[in-house]
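First the structure, in the form of structure tokens, and then the observations on it.
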Amino acid sequence: MEELNNRSVLTGREREIFTLLIADHTTKEIAAKLGISEKTVRNHISNTIQKLGVSGRAQAMIELLRLGELSLD
Numbered sequence: 001m002e003e004l005n006n007r008s009v010l011t012g013r014e015r016e017i018f019t020l021l022i023a024d025h026t027t028k029e030i031a032a033k034l035g036i037s038e039k040t041v042r043n044h045i046s047n048t049i050q051k052l053g054v055s056g057r058a059q060a061m062i063e064l065l066r067l068g069e070l071s072l073d
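Numbering (full-length UniProt numbering), first residue to last: 1 to 73.
The structure is reproduced here in structure tokens:
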């Protein structure tokens with residue numbers, strides 16, 4: 001996990017989506033705000049969950065906060 005410090009786990013789009021999730025936006029709201037489909041939002045979330053090896057959105061958000069990938073600002 002050391003190498004995660006030098007390189008982001010998230011793509012730019014994944015970061016946008018999880019930043020909005022942390023701010024309590026729904027999948028529908030995120031899709032509208034970013035001009036993409038709800039399915040695409042869900043795909044990005046699923047890809048991130050898989051990358052992190054966690055079992056859901058909440059665990060992904062906790063792990064991303066723990067890794068310093070996201071903040072609660």
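Ideal placement from N, C-alpha and C gives every residue a C-beta, glycine not left out.
For residue i, which three-state DSSP category applies?
| i | result |
| --- | --- |
| H44 | helix |
| I30 | helix |
| N5 | The predicted model places N5 with a pLDDT of 49, which falls under 50 and marks its position as unreliable, so this point remains unresolved. |
| E69 | coil |
| residue 94 | It is not possible to answer for residue 94, since the shown part of the chain is limited to 1 through 73. |
| residue 123 | An answer regarding residue 123 cannot be provided, because it is not within the stretch 1 to 73 covered by the chain. |
Going by C-alpha distance, which of the options is nearest residue i?
| i | options | result |
| --- | --- | --- |
| H25 | Q59, Q50, V41 and L64 | V41 |
| L71 | G56, R15 and T11 | Per the sequence shown, the amino acid found at residue 71 is Ser instead of Leu. Per the Cα distances, R15. |
| L20 | I30, Q50 and V54 | I30 |
Counting C-beta neighbours from all protein chains within 10 Å, is the total for residue i 16 or more, i.e. buried, or is it exposed?
| i | result |
| --- | --- |
| A23 | exposed |
| T48 | buried |
| A58 | exposed |
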